[in-house]
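Numbering (the numbering used here), first residue to last: 7 to 276.
Backbone N, C-alpha and C define an ideal beta-carbon position, used for all residues, glycine too.
Structure first, then comments.
This is the structure:
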């Protein structure tokens, strides 16, 4: 049985996006370059960091379907947080960094079929990695157009592979109570000359993945990018601000909005 994990555990005093409990699925959606992957890095680092550095010391699986995982960026974030949090007597930076990375399992997928095999592999991973608590998928919509093309005119064939992935993931959620975060690309293309800050939430609030996946999702994070305020220093004006609009698909009408910017040391919530 994997370690129970809550968003309250993963949240610091300023990044209280929402409270997610074990067994729930969060879809992180929005246009390109709106901080979706950076949010996954933030959660990943929070989990693999030692408790002495404010982390949880639990294992994470990162499923990279877009081949966009930047290990240099990830290592840089972890190293920066360790430097800020640990005293020199806590051990060598390299030793602690290696310990953090040992809690991370990375898998690359290039098709929905490989993703399905990965989820089967994840089921076997619980016996060897009982501390596995968080599954990150970047992104769950990577093979949408490929599956539509391979499915031909049959709508059920187009959705067959992702539906099977969703059903298997649902069983893993029930049996092992892991927490899942998955990014999802906005299907509507932004016209030239328009920034993602003008991207309407209604444009991205139209789920297009299969119903099996939609039924799994308990929370949605809608990411967007906005311009910095005119006031403040030049550095503050140049700094890009991202906004996350949090909503629940469990029937409640509660919403929460948080803002953050990306630094060398990861995501910094404001």
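Pull up the distance between the alpha-carbon of residue 243 and that of residue 265, whole angstroms please. For the purposes of this step, residue 243 is taken as the residue at position 237 of the chain shown. For the purposes of this step, residue 265 is taken as the residue at position 259 of the chain shown. In this prediction, residue 243 scores a pLDDT of 47, lower than 50, which makes its location untrustworthy; the coordinate-derived value is nonetheless stated afterwards. Roughly 15 Å between the two C-alpha positions.
Inter-residue Cα distance where the pair is residue 224 and residue 71: Here residue 224 refers to the residue found at position 218 of the chain shown. Here residue 71 refers to the residue found at position 65 of the chain shown. Each residue's alpha carbon lies about 22 Å from the other.
Per DSSP, what kind of secondary structure is residue 246 in: helix, strand or coil? One-based indexing of the chain shown puts residue 246 at position 240. Coil at residue 246, not helix or strand.
Buried or exposed for residue 42, going by 16 or more other Cβ atoms inside 10 Å? The count along the chain shown starts at 1 and reaches residue 42 at position 36. Its Cβ being crowded by 16 or more others within 10 Å, residue 42 is buried.
Going by the C-beta, is residue 102 closer than 7 Å to any heavy atom of the ligand SAM? Questions concerning the ligand SAM fall outside what the structure shown contains, since it holds no ligand whatsoever.
With distance defined between alpha-carbon atoms, name the residue in 127, 150, 138 nearest to residue 214. Your numbering for residue 214 matches position 208 in the chain shown. Closest by alpha carbon: 150.
Quick check on residue 204: buried or exposed, where buried means 16 or more other Cβ atoms within 10 Å of its Cβ? By 1-based counting over the chain shown, the position of residue 204 is 198. Confidence is the limiting factor: at residue 204 the pLDDT is only 45, short of 50, which leaves the residue's position unreliable, though a coordinate-based value still follows. With fewer than 16 Cβ atoms within 10 Å of its Cβ, residue 204 is classed as exposed.
If we ignore side chains and look at the alpha-carbon of each, how far apart do residue 157 and residue 216 end up? Within the chain shown, the letter at position 151 stands for residue 157. Within the chain shown, the letter at position 210 stands for residue 216. Computed Cα separation, rounded: 13 Å.
Quick one: what's got a C-beta closer than 7 Å to residue 83's C-beta in the same chain, skipping five residues either side? The sequence position of residue 83 within the chain shown is 77, counting from 1. For residue 83, where only same-chain residues beyond five positions count, the Cβ hits under 7 Å are 47, 51, 271, 272.
What number of angstroms, rounded off, separates the C-alpha of residue 263 from the C-alpha of residue 53? Locating residue 263 in the chain shown gives position 257, counting from the first residue. Locating residue 53 in the chain shown gives position 47, counting from the first residue. If you take the alpha carbons of residue 263 and residue 53, they lie about 23 Å apart.
Run the CB neighbour count on residue 231, radius 10 Å, all protein chains shown included, and call it buried at 16 or more, exposed below. Residue numbering aside, residue 231 sits at position 225 when the chain shown is read from its first letter. Answer is buried; the Cβ neighbour count reaches 16.
Compare the Cα-Cα distances from residue 100 to each of 110, 81, 112 and report the closest residue. By one-based count along the chain shown, residue 100 stands at place 94. Closest by alpha carbon: 81.
Endpoints, the beta strand (DSSP E) within which residue 115 is located: Translated into the one-based positions of the chain shown, residue 115 becomes position 109. Counting along the chain, residue 115 falls outside any beta strand (DSSP E), and DSSP gives it neither H nor E.
I'd like to confirm the pairing. Which residues does DSSP put opposite residue 171 in its beta bridges? Counted from its first residue, the chain shown places residue 171 at position 165. According to DSSP, which records beta bridges pairwise, residue 171 is partnered with nothing at all.
Own chain partners of residue 30 with C-beta closer than 6 Å, once the 5 adjacent residues on each side are dropped: Taking the chain shown and counting its residues from 1, the one referred to as residue 30 is at position 24. Taken in chain order, the residues that qualify are 224.
Count the C-beta pairs between the region 84-92 and the region 119-126 that are closer than 8 Å, then say yes if the count reaches three, no if not. no
Just verifying my parser: in three-state terms, what is the DSSP assignment at residue 196? Here the question's residue 196 lines up with position 190 in the chain shown. At residue 196 the pLDDT is 44, less than 50, meaning the model places this residue with poor confidence and gives no usable figure here.
The alpha helix (DSSP H) with residue 224 in it runs from where to where? Along the chain shown, read from residue 1 onward, the residue named residue 224 stands at position 218. Residue 224 -> no alpha helix (DSSP H), and no H or E assigned at all.
What three-state label does DSSP hand residue 89 in the structure shown? In the chain shown, the residue the question calls residue 89 occupies position 83. Three-state result, residue 89: helix.
Within 10 Å of its beta-carbon, does residue 37 have 16 or more other beta-carbons around it, so buried, or fewer, so exposed? Here the question's residue 37 lines up with position 31 in the chain shown. It is buried - the Cβ of residue 37 has at least 16 other Cβ atoms within 10 Å.
Check this for me: beta carbons of residue 145 and residue 114, under 8 Å apart or not? Numbered from its first residue, the chain shown carries residue 145 at position 139. Numbered from its first residue, the chain shown carries residue 114 at position 108. Not in contact: residue 145 and residue 114 (Cβ atoms no closer than 8 Å).
Name the two residues that bound the continuous alpha helix (DSSP H) containing residue 158. By one-based count along the chain shown, residue 158 stands at place 152. That residue, residue 158, is in no alpha helix (DSSP H); it is neither H nor E in DSSP.
Unbroken beta strand (DSSP E) run spanning residue 66, endpoints: The count along the chain shown starts at 1 and reaches residue 66 at position 60. Start and end: 65-70.
Limits of the unbroken alpha helix (DSSP H) element including residue 311: With the chain covering only 7 through 276, there is no way to say anything about residue 311.
In three-state terms, what does DSSP make of residue 204? For the purposes of this step, residue 204 is taken as the residue at position 198 of the chain shown. Note that residue 204 has pLDDT 45, beneath the 50 cutoff, so the model's placement of it is unreliable and the number below is only indicative. Three-state DSSP puts residue 204 in a helix.
Taking residue 185 and residue 28 to be in contact with their CB atoms under 8 Å, please state how far apart those CB atoms are, rounded to whole angstroms. Here residue 185 refers to the residue found at position 179 when the chain shown is read from its first residue. Here residue 28 refers to the residue found at position 22 when the chain shown is read from its first residue. Confirmed, Cβ separation roughly 6 Å.
Please classify residue 226: is it buried, with 16 or more other beta-carbons within 10 angstroms of its beta-carbon, or exposed? On the chain shown, position 220 is the one that residue 226 refers to. Buried, because 16 or more other Cβ atoms sit within 10 Å of the Cβ of residue 226.
Between which residues of its own chain and residue 268 is the CB-CB distance below 6 Å, once the five residues before and five after are set aside? Position 262 of the chain shown holds residue 268. Once the five neighbours on either side are set aside, the close Cβ partners of residue 268 are 44.
Presumed contact (8 Å Cβ cut-off) between residue 49 and residue 175, rounded CB distance: For this step, residue 49 is matched to residue 43 along the chain shown. For this step, residue 175 is matched to residue 169 along the chain shown. Not a contact, Cβ separation roughly 18 Å.
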